[in-house]
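Participant: Here it is, the structure, as structure tokens.
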């Protein structure tokens with residue numbers, strides 16, 4: 018019982034990378050359910066779920082320098098560096114970090130599920 022938290026930077030967080038031309042931007046949206054539900058329709062127990070998303074668009078996979086994406090969505094430049102880009106460096110990588118918590122209460126045994134949808138739209 019209790020809350021299980023995976024913090025930003027935790028080894029168990031989800032990490033995704035997006036590669037694009039250095040001047041491109043992306044629209045990112047993370048849709049999550051408020052709770053996981055049982056696959057058994059006779060069970061109405063819930064497991065509350067609270068997930069967040071952060072990004073690092075410096076080209077380095079480092080959650081310590083990540084920016085939290087407010088409201089789990091946003092329009093972001095794929096690369097936020099100031100230095101001049103050479104022809105061999107025109108493709109850049111952005112990193113997304115998924116983290117959060119679930120709260121396990123006194124629930125009945127079973128399989129609990131929910132759909133988590135991470136949408137990336139290139140602009």
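Numbering (my numbering), first residue to last: 18 to 140.
Note that beta-carbon positions come from the ideal geometry of N, C-alpha and C, so glycine has one too.
Does the count of Cβ pairs from the stretch 31 to 50 and the stretch 105 to 119 closer than 8 angstroms reach three?
Facilitator: yes
Participant: In chain order, what residues of the same chain have a beta carbon less than 7 angstroms from the beta carbon of residue 18, not counting five sequence neighbours either side?
Facilitator: The residue you call residue 18 lines up with position 1 of the chain shown. Excluding sequence neighbours, residue 18 sits near 121, 122, 123.
Participant: Can you give, in chain order, each stretch of the beta strand (DSSP E) that sits fully within the stretch 50 to 120 and has at least 3 residues?
Facilitator: 52 to 55, 63 to 73, 90 to 94
Participant: What separation, rounded to the nearest whole angstrom, lies between the Cα atoms of residue 106 and residue 39?
Facilitator: As a position in the chain shown, residue 106 is number 89, starting the count at 1. As a position in the chain shown, residue 39 is number 22, starting the count at 1. The straight-line gap from Cα to Cα measures roughly 8 angstroms.
Participant: For residue 31, does the three-state DSSP call read helix, strand or coil?
Facilitator: Counted from its first residue, the chain shown places residue 31 at position 14. If DSSP states are grouped into helix, strand and coil, residue 31 belongs with the strands.
Participant: Using only the alpha-carbon positions, how far apart do residue 47 and residue 86 sit?
Facilitator: Here residue 47 refers to the residue found at position 30 when the chain shown is read from its first residue. Here residue 86 refers to the residue found at position 69 when the chain shown is read from its first residue. Rounded to the nearest angstrom, the two C-alpha atoms are 9 angstroms apart.
Participant: Buried or exposed for residue 72, please, with buried defined as at least 16 other CB atoms from any protein chain shown within 10 angstroms of its CB.
Facilitator: What you label residue 72 is simply residue 55 of the chain shown in a count that begins at 1. Buried: at least 16 other Cβ atoms inside 10 Å.
Participant: Alpha carbon to alpha carbon, how far is residue 44 from residue 74?
Facilitator: On the chain shown, position 27 is the one that residue 44 refers to. On the chain shown, position 57 is the one that residue 74 refers to. Roughly 13 angstroms between the two C-alpha positions.
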